[in-house]
Structure formats: C-alpha cells, structure tokens
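A.B. asks: Same order as they appear, the protein sequences are chains Y and G.
Under the numbering used here, the first residue of the first sequence carries the number 910, and numbering increases by one thereafter.
Under the numbering used here, the first residue of the second sequence carries the number 910, and numbering increases by one thereafter.
There are 2 protein chains.
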Amino acid sequence: MGVDPGLTRCGIGVVDVAPDRSATLVHVGVVRSAADEAIERRLAIIAAGIRAVLDEHRPDVVAVERVFAQNNRSTVMGTAQASGVALMLAGERGLAAETHTPSEVKAAITGYGSADKLQVQTMVARVLRLDALPKPADAADALALALCHAWRRGPAPTRTAPLTPAQRAWADAERLARR
Amino acid sequence: MGVDPGLTRCGIGVVDVAPDRSATLVHVGVVRSAADEAIERRLAIIAAGIRAVLDEHRPDVVAVERVFAQNNRSTVMGTAQASGVALMLAGERGLAAETHTPSEVKAAITGYGSADKLQVQTMVARVLRLDALPKPADAADALALALCHAWRRGPAPTRTAPLTPAQRAWADAERLARR
C-alpha cells in the first residue's frame, strides 16, 4: 500500500506485486478533507480513510512519501501531520512502513528521478495495464509509491533466479536514475 | 489536556481549570520511544500513550504545541508527525483541539513570551501548587500548554463577573506579552 499524504487530498493505492515484478491494481482512491474543517477533524477523516483501506485489503507493507521541512510550502506541516497518521496506523497494526522520496519513486517507476506527473501517471497505467491514466495525480503517486516500494524492497529476484531481460532493463534504469 | 509533541519524549499534561482560573494537576507524564525503533513503531507508541490518557481522564479539549517548518532541526518532521497523531486522536473522539506557539504559551504562563524553561517550570509549579518543578521540561511544557489553552479559550470571566484584581493582573500581563 502506498500513501501520498495530504490534508486536502490523500492518495491511497494498493497493488499486488508478483516475484517477477509484474503488478496488478488492487485499490486506488483519494481521501479528501475540506480546508474549512478544523485540523483535528481533517486528520481524523484522513485516518478513517486509511484505516478503511487497511482493513479491507490488509496490505503487507506501507510506503509513505517522505516530507521535507526544506519544502517550505504553507501546506508542509499538514502534509507531515498526515504522513505521521499514516505511519502510525501502519505501526499500530504491526506492519512495516517505509518512506520514499519523490525522486526515488520517479526513478523506480520511470527510470528518471525528475520525471513529471504525466510521465509517472503514464508508466503507472502501463505497468498496471490500466485503460486510463490514474487520476488525480495523488492517486497515481500513491500507486507509484506502492510499486516503488515493492520493487526496491520486495524479494530480490537475483536470489532465486537470474534476471529476465525486462527485469535487467528495469534494474539498469533504476541504477542510472539513482546516480 | 496539553501535548508537547515529540518522538523521543512526548509530554502529556492534564489540568482542571476553574472559572476563577485556579488550576489543579490531574495528570502529568512523558511517553518515550527509542530512537532505534522504526518511525511507524515510534508513532504507534506515542499514540498508545496519548490514547491511554484520553481514555483515563476524558479531557474536554486538547492543546498541542504548534510546530514550524522554519524550525529546521533534524527532528522537526518527527515532531510534526507526532503532533498530527495527537490532533487526529482528539478529532477521532470529537474533541476540539487547538495549537499554540511556544511564545503564546510562555506569555500566558509567565507573562513573558521569551521566558526560559526554568521560568515556565517555576510558574507551572506555582500555579498548580506543586512541591517540586515538573520534570522533564516536556512534562512542564505540556502542563503549560493545557493552562495556556484553558486561560485563553476558557469561559471568559468578564461575561459572567468582573475580573478580580489577580485576574486583571494576568490579563494585563498576557496582553503586554502578546504585543
């Protein structure tokens, strides 16, 4: 499960990733809270939305986008608070959680750490064999986070079998993007 | 209830404030989580500690220290995440929550927005008639937050009765400190 944290829109995506790195869509959605609601209500709404997905799909692991203090938008504190709620809900269930930076996610999905939103949406749709681009961008980002996490941290295919040519191409692209 | 959010030490204080602004200590404590624990575990430990106090003391309102992105310490994101968890737990119970800046709290407690930790601890001990200074500072800060919130947002004494001389002195000191 990937979570793109936010108060106005919190993207949540769940994917099922096979050992051969192929992936299928399990769930994608966005939890919204209104800007005129009190912060404690907004966070409770986000928590309820994340909890519902955790309860329904019981993911093995939770990936959350890392928030940076340097990123000095006025929304950064609300985003950090929402990320804290997402991580806490994973911890409460005994699930492992990890944070990934946006450029780690973009590199894992598109092979290019500075990819734009459309490139990420396009690759997510292609990998998950979707008929349309996942929208809004927060939903695509949550799916990209989940895919990134599974591919980076999942069972390393080299331990059990040699890489297929497609896997090797992915691995090379990721290595290049991380340089 | 006041919460001084943090991952390593999260201060929690509960006070009972009468309409005449006199206050008594109900609970004070610090929830700790080890720095070598995973972030999702740390946040779940903090949440469990806050929940236990909410369940036991059923406060009317929750005050949380406001975290600033400008405050560019390495711990600022963890502090923001812990504050998000505290606010969410209040919202989940339908409790009102509010954030106060450190200088608002210091001004409300000591009459001086740049008071140091010892001055805050001393005034908190005096107001609550404690035999010793509340320690660690996170515990004193949580009590100070709770007092600050009750005094700033509590039933305005002017609506029902004129201010006593002591109340007027407090009100004047707060006004001065806020300038």
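The beta carbon of each residue, even a glycine, is placed where N, CA and C say it ideally should be.
Report the three-state DSSP secondary structure of residue 1065/G (helix, strand or coil).
C.D. replies: With a pLDDT of only 44 at residue 1065/G, under the threshold of 50, the placement of this residue in the model should not be trusted, and no figure is reported.
A.B. asks: Does residue 990/Y have its Cβ less than 7 Å from a Cβ in chain G?
C.D. replies: For residue 990/Y, the answer is yes, since a Cβ of chain G falls inside 7 Å of its Cβ.
A.B. asks: Measure the C-alpha to C-alpha separation of residue 977/Y and residue 1040/G and round it to an integer number of angstroms.
C.D. replies: If I take the Cα positions, the gap works out to 42 Å.
A.B. asks: Rounding to the nearest angstrom, what Cα-Cα distance links residue 917/Y and residue 996/G in this structure?
C.D. replies: Computed Cα separation, rounded: 16 Å.
A.B. asks: Can you confirm whether residue 930/G, when its beta carbon is compared against all beta carbons of chain Y, has any partner nearer than 7 Å?
C.D. replies: Cβ-Cβ to chain Y under 7 Å: no for residue 930/G.
A.B. asks: Here's the rule: buried if 16 or more other CB atoms are within 10 angstroms of the residue's CB, otherwise exposed. What is residue 1003/Y?
C.D. replies: Residue 1003/Y should be labelled exposed.
A.B. asks: For residue 935/G versus residue 923/G, is the C-beta distance shorter than 7 Å?
C.D. replies: Yes, the Cβ-Cβ distance between residue 935/G and residue 923/G is below 7 Å.
A.B. asks: Hey, could you find the ends of the alpha helix (DSSP H) residue 958/Y is sitting in?
C.D. replies: That run of the alpha helix (DSSP H) goes 948-966.
A.B. asks: Applying the criterion that 16 or more other CB atoms from any shown protein chain within 10 Å of the CB defines a buried residue, is residue 1011/G buried or exposed?
C.D. replies: It counts as buried.
A.B. asks: Check the C-beta distance from residue 992/Y over to residue 914/Y and give it rounded, since I have them as a contact under 8 Å.
C.D. replies: About 4 Å separates the two Cβ atoms, so the contact holds.
A.B. asks: May I ask you to report which of helix, strand or coil DSSP gives residue 944/G?
C.D. replies: Note: residue 944/G maps to coil in three-state DSSP.
A.B. asks: Is there contact between the stretch 1055-1062 of chain G and the stretch 956-976 of chain G, where contact requires at least three CB pairs shorter than 8 Å?
C.D. replies: The answer is yes - the stretch 956-976 of chain G touches the stretch 1055-1062 of chain G, with three or more Cβ pairs under 8 Å.
A.B. asks: Rounded to a whole number of angstroms, what is the C-alpha to C-alpha distance between residue 962/G and residue 955/Y?
C.D. replies: Using only the alpha carbons, I get a separation of about 23 Å.
A.B. asks: Please confirm whether residue 968/G has its beta-carbon closer than 7 Å to some beta-carbon of chain Y.
C.D. replies: Not one chain Y Cβ lies under 7 Å of residue 968/G.
A.B. asks: Between residue 997/G and chain Y, is there a C-beta pair that is closer than 7 Å?
C.D. replies: By this cut-off, residue 997/G is an interface position.
A.B. asks: Could you compute how far the alpha carbon of residue 925/Y sits from the alpha carbon of residue 947/Y?
C.D. replies: Distance between the alpha carbons of residue 925/Y and residue 947/Y: 35 Å.
A.B. asks: Does any residue of chain Y bring its CB to less than 7 Å from the CB of residue 1032/G?
C.D. replies: No, its Cβ sits nowhere closer than 7 Å to a Cβ of chain Y.
A.B. asks: Cα separation between residue 932/Y and residue 1035/Y?
C.D. replies: Residue 932/Y and residue 1035/Y: Cα-Cα distance of roughly 10 Å.
A.B. asks: What did DSSP end up calling residue 1052/Y once you bin it into helix, strand or coil?
C.D. replies: Residue 1052/Y falls in the helix class under three-state DSSP.
A.B. asks: According to DSSP, is residue 1035/G part of a helix, a strand, or is it coil?
C.D. replies: The answer is helix: DSSP assigns residue 1035/G an H, G or I state.
A.B. asks: Taking residue 950/Y as the reference, give the member of 1001/G, 1033/G, 1009/G, 1016/G with the closest Cα.
C.D. replies: The shortest Cα separation from residue 950/Y among 1001/G, 1033/G, 1009/G, 1016/G belongs to 1001/G.
A.B. asks: Taking the beta carbon of residue 966/G as the centre, do at least 16 other beta carbons fall within 10 Å, making it buried, or is it exposed?
C.D. replies: Residue 966/G comes out exposed.
A.B. asks: Could you tell me whether the Cβ of residue 963/G comes closer than 7 Å to any Cβ of chain Y?
C.D. replies: Taking Cβ atoms only, chain Y never reaches closer than 7 Å to residue 963/G, which makes this a no.
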